[in-house]
Amino acid sequence: MEFPPYRVLSAYYDDAWNAFCRNYVDILRIGRTYRPASVLDLGCGTGELLTHIAKALPASRLVGVDLSPDMCARATRRVPTAEIVHADMRTVALDHRFELVTCTHDAVNYLTDDGALYRFTARVAGHTTPGGTFAFDFATPAYFETINKDAQWTATRTGSVRQTTTFDRLSSIATTRFLFPDGSFETHHQRAFDEEEIGVALFRHGFRDIEEFEVTADDVPAGTLVWTAILSSDGGRRALRQNRL
Ligand SMILES: C[S@@+](CC[C@H](N)C(=O)[O-])C[C@H]1O[C@@H](n2cnc3c(N)ncnc32)[C@H](O)[C@@H]1O
6 MEFPPYRVLS AYYDDAWNAF CRNYVDILRI GRTYRPASVL DLGCGTGELL
56 THIAKALPAS RLVGVDLSPD MCARATRRVP TAEIVHADMR TVALDHRFEL
106 VTCTHDAVNY LTDDGALYRF TARVAGHTTP GGTFAFDFAT PAYFETINKD
156 AQWTATRTGS VRQTTTFDRL SSIATTRFLF PDGSFETHHQ RAFDEEEIGV
206 ALFRHGFRDI EEFEVTADDV PAGTLVWTAI LSSDGGRRAL RQNRL
């Protein structure tokens, strides 16, 4: 039987897929030299990153947003000090700007519809304080074409989950089928983005000072990159005005 994305996978997620986002704590030096007073985690999943940030920054305001009610339920249980909002990160409108906005572990690639990346980046800019940081990662066409093409088996506490990805170069859409031990399955669609289109979307919405970090972790392919971008001090308004000319 087929289920929507993360309805079943949410129960397995922390067995094997949640480790990658912990790299952000080190990359950003959270709790050491970097202590943002407010953090928004878009596509927060089961709340793994927020769990670590809550430990490092117990006084900071933490908010997580996720489209999956099942992931939200888990995040709410795991990080009681964070506010978890069930919403779409393409359209979310919170009444607050955050010093740090994160979107980790390929969550950006779930923005498959045309123009979604651009709309999403506008939302991120609208939720970031001027001078604040957006930190995220994304999978490129090269990733889906080469690294992810064979079926992978991931061991979990209750059996192996089979993951198969096909990639359509013309549409840049990757389709991943997760098959669970009980025979149920989910189909996930993700769009590959290249560095240029991500860079343009960031720049157009006022983000500057883009930095790139290579991450090595057991559950991610070598060469996976994390980008950080800082919202210009005028909150990106000048960049948006320039676009309209
Ligand atoms: C691969 S998981 C990453 C979860 C978490 N950030 C981590 O690092 O472990 C992708 C997450 O993005 C969420 N997601 C996908 N599309 C979304 C959207 N449009 N708005 C909010 N969340 C979304 C999924 O529900 C899922 O929890």
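According to the working numbering, the residues represented by the sequence shown are 6 to 250, in order.
Every residue gets a Cβ at the ideal spot worked out from N, C-alpha and C, and that includes glycine.
The model shown is predicted, which means the values in this text are computed figures rather than measured ones.
- When distances are taken from the beta-carbon of Tyr17 to the heavy atoms of ligand 1, even the shortest one reaches 7 angstroms or more.
- Here the segment 16 to 28 lies against the segment 42 to 61, with 3 or more beta-carbon pairs under 8 angstroms apart.
- Between Glu7 and Thr134, the C-beta gap is not smaller than 8 angstroms, which leaves the two residues out of contact.
- DSSP places Cys108 inside the beta strand (DSSP E), whose first and last residues are Phe103 to Cys108.
- Per the C-alpha coordinates, the member of Phe149, Gln168, Thr109 and Tyr148 positioned closest to Trp232 is Thr109.
- With fewer than 16 neighbouring CB atoms inside 10 Å of its own CB, Gln157 falls in the exposed class.
- By the neighbour-count definition (other C-beta atoms within 10 Å, threshold 16), Asp71 is a buried residue.
- With respect to Thr56, Val90 sits apart: the two C-beta atoms are not nearer than 8 angstroms.
- The three-state secondary structure of Ala234, taken from DSSP, is strand.
- Relative to the Cα of Phe218, the nearest Cα in the group Val44, Val106, Leu116 and Ile32 belongs to Ile32.
- Around the beta-carbon of Thr38, fewer than 16 other beta-carbon atoms lie within 10 Å, marking it exposed.
- Phe143 carries a coil assignment under DSSP once its states are collapsed to helix, strand and coil.
- Distances taken from the Cβ of Asn28 to the heavy atoms of ligand 1 include none shorter than 7 angstroms.
- For Arg167, the three-state secondary structure derived from DSSP is strand.
- Cα atoms of Pro146 and Thr229: separation of roughly 12 angstroms, rounded to the nearest angstrom.
- Counting C-beta pairs with one atom in each stretch, the segment 73 to 81 and the segment 99 to 116 have fewer than three that are closer than 8 angstroms, which means they do not touch.
- By the Cβ test, the segment 126 to 133 is in contact with the segment 89 to 108, since at least three Cβ pairs between them sit closer than 8 angstroms.
- Boundaries of the alpha helix (DSSP H) harbouring Asp75: Pro74 to Arg83, taken from the DSSP string.
- Around the beta-carbon of Ser15, 16 or more other beta-carbon atoms lie within 10 Å, marking it buried.
- Taking the Cα positions, Gln168 is about 36 angstroms away from Asp214.
- Between the alpha carbons of Thr86 and Met76 lies a distance of about 16 angstroms.
- Separation of Arg128 and Ala64 (C-alpha to C-alpha, rounded to the nearest whole angstrom) is 25 angstroms.
- Between ligand 1 and the CB of Gly131, the shortest heavy atom gap is not smaller than 7 angstroms.
- For the 8 angstroms CB-CB criterion, Gly211 and Leu236 form a contact.
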